[in-house]
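Structure first, commentary second.
Number of protein chains: 2
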Amino acid sequence: MARAAIAAALPGQGAVAEAMGYACEGGKGLRALLVVESARLHGLEGKAGPVAGAIEALHAYSLVHDDLPCMDDDDLRRGRPTVHRKWDEATAVLAGDALQSLAFGLVAGADLPAGARIALVQSLSEAAGVAGMVGGQAADIAAETAQMPLTLPEIEALQAGKTGALITWSALAGPRMAGKESADLRHYGDAVGRAFQIFDDILDVEGSAEAVGKAVGKDAARGKATFVSLLGLEPARERAEALVAEAIAALEPWGQEAETLRELARFVIARRS
Amino acid sequence: MARAAIAAALPGQGAVAEAMGYACEGGKGLRALLVVESARLHGLEGKAGPVAGAIEALHAYSLVHDDLPCMDDDDLRRGRPTVHRKWDEATAVLAGDALQSLAFGLVAGADLPAGARIALVQSLSEAAGVAGMVGGQAADIAAETAQMPLTLPEIEALQAGKTGALITWSALAGPRMAGKESADLRHYGDAVGRAFQIFDDILDVEGSAEAVGKAVGKDAARGKATFVSLLGLEPARERAEALVAEAIAALEPWGQEAETLRELARFVIARRS
């Protein structure tokens, strides 16, 4: 559903348009699923397509830019060459830029009341911007450049921006589509986002590049402080499990309808990529 | 007014936030002025601040990314070092990214009916994305990489995206803020955008780097086809003048209220930078 919304919005030709489509392929689609399931709790799953497409487009843009030589300098993503390796850096910068534009256009074009669309656009701008995702990525790069290992609270703050902001936004998409807010779903999204990032650190230590679909062992090679390097593998895993339990508990008021959201929370620490 | 809206939205610290502010300084503010004056025609100039700020933030993002080594590789912009020269490439990529997020947030947060804000967000997404500005920049880079000199109609199509889309969006901001469309202002914006780009080509030949605030003589050095190289200096100037006359004529129904818009059209081919 997310992919269809993205494909329908892309023009047919040109390297940048091709690269945009390529960058949106092959992911787990976790954020899109969170949007659809969060929308389902409000009876709005049928209208979630463009919103789910938007968050996947925005996520894809962030990966394309994060992989650039001047950022994390990665050659492999989702098991395939990164966009700047398959095309070139200019195409990667432009494809990422246009994916971000597309994301806001998709949200704004959703079949929802204008007020709900505005709330989604405003919150997406905050989650994506310097106070959210970009701020987290900037802090990550700054810490690495300064070769300054971070403390646990600093890592948590950084990851809340870098990964957490978009995951929380996805979990809150449903209530926002319905013109509401939800403390439960915010709690759920925050906990899932934190568990997700801790498990990413675990995969970087335990996973194989083939299974994970991107380079592994990078954190240790760079001497980067992570949950695993600071806590150890098992305590990090326990922390991720506790966060998943917390996320599931937050869904208690939602009953059986939220079962897929519970499964998604469990998946976050059971995935191989 | 545009600058105040941007400044109010930025967090206080960090290289990326600093670079975002830096990138928004020192420009002519042509697009912001177009927004304010277009809003004035609909009695909405008092509410134009965030919309004007948005277009300047979006424009600034495009300059920061266009200046990157993998794109136009420029050291000088608005008479000062480009963002990646003053900071580094990662900061430039991230500052541009966050300025784009900010732009959509500013439009979405304007004090206007939700329907008008949605129309502004949707049209901004189109103007900024792969069918607009990014598409134009991609075509520009593709032509240069292929060392394929473009024809006049190809240059016009490219510039309609690269520069024209945001200028036309600015001219149409007023009617959209009022929940309307305007064929006159679209005509005006298209003609101003085309005149602007032709005059940019002229400045690249005639201007000094000191006055223009960025490197000049680049087009000829790169063997790039422009209005000047294809038509000659004087015919290019005549064409720009004809477009300005066309823009001014399109404002005829708007009477005295549109005088500043007429002046802005004249300024486009009288500026030194």
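Chains U and G, in that order, are what the protein sequence lines are.
With this note's numbering applied, the first sequence closes on residue 637, and no number is skipped along the way.
With this note's numbering applied, the second sequence closes on residue 637, and no number is skipped along the way.
Think of the CB as a built atom: it goes at the ideal place given N, C-alpha and C, for glycine as much as any other residue.
Every value quoted in this text rests on a predicted model; they were computed, and no experiment measured them.
Chain G residues whose Cβ lies nearer than 7 Å to that of residue i
| i | result |
| --- | --- |
| Ile482 (chain U) | Ala472, Ala478, Arg481, Ile482 |
| Val485 (chain U) | Phe468, Ala472, Val485 |
| Met384 (chain U) | Val494 |
Where the alpha helix (DSSP H) through residue i begins and ends
| i | result |
| --- | --- |
| Ser402 (chain U) | 394-404 |
| Thr532 (chain G) | 529-541 |
| Ile419 (chain U) | 413-430 |
| Arg442 (chain G) | Looking at the DSSP string, Arg442 (chain G) is not in any alpha helix (DSSP H), and its letter there is neither H nor E. |
| Glu623 (chain U) | 623-632 |
| Ala483 (chain G) | 478-492 |
| Met384 (chain U) | 379-387 |
| Pro513 (chain G) | No alpha helix (DSSP H) contains Pro513 (chain G), which DSSP labels as neither H nor E. |
| Met497 (chain G) | 497-509 |
| Pro599 (chain U) | 597-614 |
Proximal residues to residue i (C-beta, below 6 Å), its chain only, five neighbours per side dropped
| i | result |
| --- | --- |
| Ile612 (chain U) | Arg626, Ala629 |
| Ala424 (chain U) | Ala387, Cys388, Leu463 |
| Gly443 (chain U) | Gly577 |
| Asp436 (chain U) | Asp430 |
| Ser534 (chain G) | Arg395, Leu398, Val399, Ile419 |
Partner residues on chain U for residue i, Cβ-Cβ distance less than 7 Å
| i | result |
| --- | --- |
| Asp583 (chain G) | Chain U residues near Asp583 (chain G): none, gap ~18 Å exceeds 7 Å. |
| Glu490 (chain G) | Gly469 |
| Ala454 (chain G) | Cys434, Met435, Ile505 |
| Ala381 (chain G) | Val494 |
Residue i to residue j span [Cα, whole Å]
| i | j | result |
| --- | --- | --- |
| Ile519 (chain U) | Leu567 (chain G) | 49 Å |
| Trp451 (chain G) | Leu595 (chain U) | 34 Å |
| Ser572 (chain U) | Pro599 (chain U) | 21 Å |
| Gly496 (chain G) | Ala502 (chain G) | 10 Å |
| His551 (chain U) | Ala368 (chain U) | 30 Å |
| Ala606 (chain U) | Val428 (chain G) | 43 Å |
| Gly557 (chain U) | Ala416 (chain G) | 35 Å |
| Arg636 (chain G) | Gly553 (chain G) | 21 Å |
| Ala524 (chain G) | Ala472 (chain G) | 25 Å |
| Ser426 (chain G) | Asp461 (chain G) | 9 Å |
| Leu398 (chain U) | Asp583 (chain U) | 28 Å |
| Trp618 (chain G) | Gly390 (chain U) | 52 Å |
| Asp439 (chain G) | Thr515 (chain G) | 29 Å |
| Asp564 (chain U) | Met541 (chain G) | 44 Å |
| Lys588 (chain U) | Val498 (chain U) | 19 Å |
| Ala521 (chain U) | Gly500 (chain U) | 8 Å |
| Arg601 (chain G) | Leu476 (chain G) | 40 Å |
Beta carbon of residue i nearer than 9 Å to that of residue j
| i | j | result |
| --- | --- | --- |
| Leu466 (chain G) | Ile505 (chain U) | no |
| Gly407 (chain U) | Gly479 (chain U) | no |
| Ala614 (chain U) | Leu549 (chain U) | yes |
| Ser593 (chain U) | Pro513 (chain U) | yes |
| Leu597 (chain U) | Glu570 (chain U) | yes |
| Pro539 (chain U) | Leu470 (chain U) | no |
| Arg481 (chain U) | Ala492 (chain U) | no |
| Ala562 (chain U) | Ala529 (chain U) | Per the sequence shown, residue 562 (chain U) should be read as Ile rather than Ala. Their beta carbons are not under 9 Å apart, which means Ile562 (chain U) does not touch Ala529 (chain U) by this criterion. |
| Ala403 (chain G) | Lys411 (chain G) | yes |
| Glu453 (chain G) | Leu432 (chain G) | yes |
| Glu508 (chain G) | Arg441 (chain G) | no |
Residues near residue i by beta carbon distance below 8 Å, same chain, minus five either side
| i | result |
| --- | --- |
| Phe468 (chain G) | Ala418, Val485, Leu488, Ser489 |
| Thr455 (chain U) | Ala379, Val380, Ala383, Val447, His448 |
| Ala622 (chain U) | Glu401, Leu405, Leu615 |
| Val608 (chain G) | Ala555, Val556, Ala559, Ala629, Arg630, Val632, Ile633 |
Listed by chain order, chain U residues near residue i by CB distance under 8 Å
| i | result |
| --- | --- |
| Val400 (chain G) | Residues of chain U passing the Cβ test: none, with the nearest at roughly 22 Å. |
| Gln464 (chain G) | Asp461, Gln464, Ser465 |
Beta-carbon neighbours of residue i, restricted to chain G and to distances below 8 Å
| i | result |
| --- | --- |
| Val457 (chain U) | His429, Leu432, Cys434, Met435, Val457 |
Chain G contact residues for residue i, given Cβ-Cβ distances below 9 Å
| i | result |
| --- | --- |
| Gly378 (chain U) | Val494, Gly499, Ala502, Ala503, Ala506 |
7 Å Cβ shell around residue i - same chain, five flanking residues per side excluded
| i | result |
| --- | --- |
| Phe560 (chain U) | Thr527, Ile531, Val632 |
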